[in-house]
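S.K.: The structure's right below; bear with me while I get my questions together.
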Amino acid sequence: MRLEAETIVRQATWTRAVSVLVNNPKGGTGKTPTAVILAGVIASIRGGSTAVLEVSDDPGALGYRAEGNPKLGLGELVRDIDQVKTAGRLHGYTAPQTSFADVIASTGRRDRLTGEAVVSVCKVIDEFYGIRVMDSGNVTTSSAFQGAASVADVLVIPVMNAGDSVLEAIQLLEELRAAGGQPKRLADTAIAIRLTDGRPENQAVTAEVARLLKEAGVTSLHEVPYDAHIAERQQITLSKLAPATRDAFAAAAAAVVISLKNSVLTDH
1 MRLEAETIVR QATWTRAVSV LVNNPKGGTG KTPTAVILAG VIASIRGGST
51 AVLEVSDDPG ALGYRAEGNP KLGLGELVRD IDQVKTAGRL HGYTAPQTSF
101 ADVIASTGRR DRLTGEAVVS VCKVIDEFYG IRVMDSGNVT TSSAFQGAAS
151 VADVLVIPVM NAGDSVLEAI QLLEELRAAG GQPKRLADTA IAIRLTDGRP
201 ENQAVTAEVA RLLKEAGVTS LHEVPYDAHI AERQQITLSK LAPATRDAFA
251 AAAAAVVISL KNSVLTDH
């Protein structure tokens, strides 16, 4: 099964850079681990060319959950963006991962991120990376989120086995559909990833979460089993994840890649 998923991820091609937006307005639903692992799995299969970008208004958890402690990051990249003309220069603002993904996150305090800054940074990243995964914040009405949504091809929604984590996600889908155009397309092709944090699971709640997502038009739901390495809330290293976790994320990555291919096809 994993072999099949990895083949789909490895052999997918498109004629422009593509992008994944990871969001659930509800905090604590695993947005950052999902972004790091999804990008890491894709990068490890494809041999790199995958960037993970923080697009939250204020500094988020991405810098804490990624490997390494880079000197330069998102704040400096936004400041210097007009001077970044080469892959070598851009690489100086990243935290390279053992998965071969490159993370661009905050290294400390920075100015509040605007939609304009998100779009200009993404434009430069897309010149040097084939895939861009964006780890977003909780405020979907913010300028930064709106900017990220405008330059995204696929929406990935992490959820927990709790009703509130799904209800806020459904509200996001409704907002995106109401906006029409590209945001509506993100909602219509959204992919959900259900994480497990180790708390007791209620089968009735599990079934209800799946039902609510399906009713909201989410036809792709991927289950990720409990993983002690994710639960540690420390830096995430792909090789420390359980095989079942890698399998689940490989399947989710294959679904994302298929959706990315379809998104590029609808350009024409």
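In terms of the UniProt record's numbering, the sequence shown opens at residue 1 and continues consecutively.
Glycine residues also receive a C-beta, built at the ideal position from the N, C-alpha and C atoms.
Decide yes or no for the touch test of the stretch 77-95 against the stretch 153-162: beta carbon pairs closer than 8 Å, at least 3 of them.
M.R.: These segments do not touch.
S.K.: Between 14, 237, 222, which lies nearest to residue 228 when the distance is taken from Cα to Cα?
M.R.: Translated into positions along the sequence shown, residue 228 becomes position 228. Considering only alpha carbons, the answer is 237.
S.K.: Which residues bound the alpha helix (DSSP H) around residue 143?
M.R.: In the sequence shown, residue 143 corresponds to position 143, counting from 1. Its alpha helix (DSSP H) spans residues 143-150.
S.K.: Kindly identify the DSSP beta-bridge partner or partners of residue 102.
M.R.: One-based indexing of the sequence shown puts residue 102 at position 102. According to DSSP, which records beta bridges pairwise, residue 102 is partnered with 51, 96.
S.K.: Under the rule that 16 or more other beta-carbon atoms within 10 Å means buried, what is residue 200, buried or exposed?
M.R.: Walking along the sequence shown from the start, residue 200 turns up at place 200. With fewer than 16 other Cβ atoms within 10 Å, it is exposed.
S.K.: Return the Cβ separation of residue 106 and residue 59 in integer angstroms, given the expectation that the two are a contact with Cβ distance under 8 Å.
M.R.: Taking the sequence shown and counting its residues from 1, the one referred to as residue 106 is at position 106. Taking the sequence shown and counting its residues from 1, the one referred to as residue 59 is at position 59. With a Cβ gap of about 4 Å, residue 106 and residue 59 count as contacting.
S.K.: Output the residue ranges of the alpha helix (DSSP H) runs that lie fully inside the stretch 151-231 and measure 4 residues or longer, sorted by chain position.
M.R.: Taking only runs of at least 4 residues, the alpha helix (DSSP H) segments lying wholly in the stretch 151-231 are 163-179, 181-188, 203-215, 228-231.
S.K.: Look at the alpha carbon of residue 189 and the alpha carbon of residue 171, and state the distance between them as a whole number of angstroms.
M.R.: Locating residue 189 in the sequence shown gives position 189, where the first residue counts as 1. Locating residue 171 in the sequence shown gives position 171, where the first residue counts as 1. So the alpha carbons of these two residues sit roughly 15 Å apart.
S.K.: Just to confirm before moving on: does the CB-CB distance between residue 62 and residue 36 stay below 9 Å?
M.R.: In the sequence shown, residue 62 corresponds to position 62, counting from 1. In the sequence shown, residue 36 corresponds to position 36, counting from 1. Closer than 9 Å, so yes.
S.K.: Who are the Cβ neighbours of residue 8 in its own chain at under 7 Å, not counting the five residues just before and after it?
M.R.: Mapped onto the sequence shown, residue 8 falls at position 8. Result list for residue 8: 254, 257, 258, in chain order.
S.K.: Between 97, 79, 78, which lies nearest to residue 273 when the distance is taken from Cα to Cα?
M.R.: Any answer about residue 273 is impossible in this case: the structure gives the chain only from 1 up to 268.
S.K.: Could you give the DSSP three-state label for residue 82: helix, strand or coil?
M.R.: In the sequence shown, residue 82 corresponds to position 82, counting from 1. Helix.
S.K.: Between residue 214 and residue 221, what straight-line distance do the alpha-carbon atoms span, to the nearest angstrom?
M.R.: Along the sequence shown, read from residue 1 onward, the residue named residue 214 stands at position 214. Along the sequence shown, read from residue 1 onward, the residue named residue 221 stands at position 221. One C-alpha to the other measures close to 9 Å.
S.K.: If you check the beta carbons only, do residue 55 and residue 147 fall under 9 Å apart?
M.R.: For this step, residue 55 is matched to residue 55 along the sequence shown. For this step, residue 147 is matched to residue 147 along the sequence shown. Yes, these two residues count as a Cβ contact at 9 Å.
S.K.: Using the three-state DSSP reduction, which class does residue 120 fall into: helix, strand or coil?
M.R.: Counting from one through the sequence shown, the residue named residue 120 turns up at place 120. If DSSP states are grouped into helix, strand and coil, residue 120 belongs with the helices.
S.K.: Determine which residues share a DSSP beta bridge with residue 19 and list them.
M.R.: Residue mapping note: residue 19 aligns to position 19 of the sequence shown, counting from 1. DSSP output for residue 19 lists 132 as bridge partner(s).
S.K.: Assuming the contact rule is C-beta atoms closer than 8 Å, residue 50 and residue 101 should be a hit. Round their C-beta distance to whole Å, please.
M.R.: The sequence position of residue 50 within the sequence shown is 50, counting from 1. The sequence position of residue 101 within the sequence shown is 101, counting from 1. Sure, about 5 Å apart at Cβ, within 8 Å.
S.K.: Give the secondary structure of residue 58 by DSSP, where H, G and I count as helix, E and B as strand, and everything else as coil.
M.R.: Within the sequence shown, residue 58 is the residue found at index 58, counting from 1. Three-state DSSP puts residue 58 in coil, outside helix and strand.
S.K.: Whole angstroms is fine: what's the gap from residue 104's alpha carbon to residue 74's?
M.R.: Counting from 1 along the sequence shown, the entry for residue 104 is found at position 104. Counting from 1 along the sequence shown, the entry for residue 74 is found at position 74. Distance between the alpha carbons of residue 104 and residue 74 is about 6 Å.
S.K.: Looking only at its own chain, which residues have a Cβ that is under 6 Å from the Cβ of residue 230, when we skip the five neighbours before and after it?
M.R.: Here residue 230 refers to the residue found at position 230 when the sequence shown is read from its first residue. Closer than 6 Å at Cβ, skipping near neighbours: 33.
S.K.: Within a Cβ cutoff of 7 Å, which residues of the same chain sit near residue 124, ignoring the five residues on either side of it in sequence?
M.R.: Here residue 124 refers to the residue found at position 124 of the sequence shown. Answer for residue 124: 81, 84, 90, listed in chain order.
S.K.: Assign residue 139 to buried or exposed, taking buried as 16 or more other Cβ atoms, counted over all protein chains shown, within 10 Å of its Cβ.
M.R.: Taking the sequence shown and counting its residues from 1, one reaches residue 139 at position 139. Under this definition residue 139 is an exposed residue.
S.K.: Would you tell me roughly how many angstroms separate the C-alpha atoms of residue 177 and residue 27, rounded to the nearest one?
M.R.: Locating residue 177 in the sequence shown gives position 177, where the first residue counts as 1. Locating residue 27 in the sequence shown gives position 27, where the first residue counts as 1. The alpha-carbon atoms of residue 177 and residue 27 are separated by roughly 22 Å.
S.K.: Decide if residue 132 is buried, meaning its Cβ has at least 16 other Cβ atoms within 10 Å, or exposed.
M.R.: For this step, residue 132 is matched to residue 132 along the sequence shown. Flag for residue 132 reads buried.
S.K.: Could you give the distance in angstroms between the alpha-carbon of residue 233 and the alpha-carbon of residue 14?
M.R.: As a position in the sequence shown, residue 233 is number 233, starting the count at 1. As a position in the sequence shown, residue 14 is number 14, starting the count at 1. Rounded to the nearest angstrom, the two C-alpha atoms are 34 Å apart.
S.K.: Do you know offhand how far residue 204's Cα is from residue 210's?
M.R.: On the sequence shown, position 204 is the one that residue 204 refers to. On the sequence shown, position 210 is the one that residue 210 refers to. So the alpha carbons of these two residues sit roughly 10 Å apart.
S.K.: Near residue 39, what residues of its chain come up, given a Cβ to Cβ distance below 7 Å and the 5 sequence neighbours on each side ignored?
M.R.: Start at 1 with the first residue of the sequence shown, and residue 39 comes out as number 39. Around residue 39: 50, 52, 101, 133.
S.K.: On a CA-only basis, which of 153, 128, 191, 66 is nearest residue 95? Give me that one, please.
M.R.: Against the sequence shown, residue 95 aligns to sequence position 95. Answer by Cα proximity: 66.
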